[in-house]
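Single-structure report; data block below.
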Amino acid sequence: MKRFFIAVCVLALGAALTIDSSEAARLGGGRSLGAQRSAPMQRQAQPAAPAQAAKPAQPAPAAPAPAAGNRWLGPIAGLAAGLGLGWLIGQGGLGGMIGSVMMMLLVAFAAMALFRWFARRNTEATAPVQYAGIGAGTGTGLGNETVAAPPPSQMPSAEAGPDFRSQFQPQIPVGFDADGFLKQAKLNFVRLQEANDRGNVDALREITTEDMYAELKLDLLERAGRTQQTDVVTLTASLLEVVTEGNLHWASVRFAGSIRETPNAAPVAFEEVWHLQKPADGKTGWLLAGIQQPTAA
41 MKRFFIAVCV
51 LALGAALTID
61 SSEAARLGGG
71 RSLGAQRSAP
81 MQRQAQPAAP
91 AQAAKPAQPA
101 PAAPAPAAGN
111 RWLGPIAGLA
121 AGLGLGWLIG
131 QGGLGGMIGS
141 VMMMLLVAFA
151 AMALFRWFAR
161 RNTEATAPVQ
171 YAGIGAGTGT
181 GLGNETVAAP
191 PPSQMPSAEA
201 GPDFRSQFQP
211 QIPVGFDADG
221 FLKQAKLNFV
231 RLQEANDRGN
241 VDALREITTE
251 DMYAELKLDL
261 LERAGRTQQT
271 DVVTLTASLL
281 EVVTEGNLHW
291 ASVRFAGSIR
301 ETPNAAPVAF
311 EEVWHLQKPA
321 DGKTGWLLAG
331 IQQPTAA
């Protein structure tokens, strides 16, 4: 009976670690982090106005909400493993010294899990308006430096437009090379996924702001050196807005497509908005400042 119970605990603990690793496969782990912006998200959520009177179109089915049980599966499995090992320690099944070591490891694992849970809740609950730093590194960022931002007088009206999936009119300055910018943005999307897989902190630092780099580095530390392989199967990019606020230029890019987060697995569809930042004085190129998940309709 004891051997069976130990096997169950080990399997539960392994499942918890596996779930945690898969959630963190994509850059950012499929969650919102870093700088968050409301303007482009509000415009893409705005329904398109009908051009003429016609029979109403069938509404698109709402995307199913993610299962809430997945968020608790890891902690529950870890708790089960802890209770099982704790019971064995109380019964003397592991011996005094080994029991003490295992108890210390369980306490450390529980503390790390709680820290991650609270940190992610705080990250998702808060949407920082702006960051003090202008970025790290001296790389060229996301390119398109020759048409970074025109004078404010050339900026189009800030009035919200319709849904970007149908007739969305992005807020882009006159003369901005959107095609060249998006081409470079897609290359850097793939480049950052590869850097995240390898744990290459130098590559991440080169094209991220200081605050975003700190978030991504924390993810790498939690991964504890485990390697992974993320394959971008399909990828599209659309520019939602390019604006100047104070001494910073902002660009919001919607990425969508499919990505394979584990080898030999089926590709998984994804959609998220990346917020890019560039200082108006041209000290750096475009840097990744935040990743934002679309809000449920």
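Counting the sequence shown from 1 gives a position; the working numbering is that position plus 40.
Virtual Cβ for every residue (Gly too), placed ideally from N, Cα, C.
Check whether the Cβ atoms of Leu-316 and Ala-329 sit closer than 8 Å, and answer yes or no. Yes, the pair counts as a contact, with Cβ atoms nearer than the cut-off.
Span of the alpha helix (DSSP H), counted from its first residue to its last, around Ala-218: 218-238
Out of Ser-292, Asp-242, Gln-233, Thr-335, which one is the CA nearest neighbour of Lys-318? Ser-292
Label Pro-210 either buried or exposed according to how many other C-beta atoms from any shown protein chain fall within 10 Å of its C-beta, with 16 as the threshold for buried. buried
From Gly-220 to Ala-254, what distance separates their C-alpha atoms? 29 Å
Taking DSSP as the reference, what is the three-state secondary structure of Gly-70? Helix, per DSSP.
What separation, rounded to the nearest whole angstrom, lies between the Cα atoms of Thr-249 and Val-282? 18 Å
Pull up the DSSP beta-bridge partners for Pro-319, would you. Leu-288
Any non-hydrogen atom of the ligand ATP closer than 7 Å to Asp-219 Cβ: As for the ligand ATP, it is missing from this structure, which has no ligand bound.
Cα-Cα separation between Ala-225 and Leu-260, rounded to whole angstroms: Approximately 23 Å, taken between the alpha carbons.
Taking its Cβ as the centre, do 16 or more other Cβ atoms sit within 10 Å of Thr-324, making it buried, or is it exposed? buried
Report the partner residues of Gln-211 according to the DSSP bridge assignment. Glu-281
Decide if Asn-228 is buried, meaning its Cβ has at least 16 other Cβ atoms within 10 Å, or exposed. By the neighbour-count criterion, in which a residue is buried when 16 or more other Cβ atoms sit within 10 angstroms of its Cβ, Asn-228 is buried.
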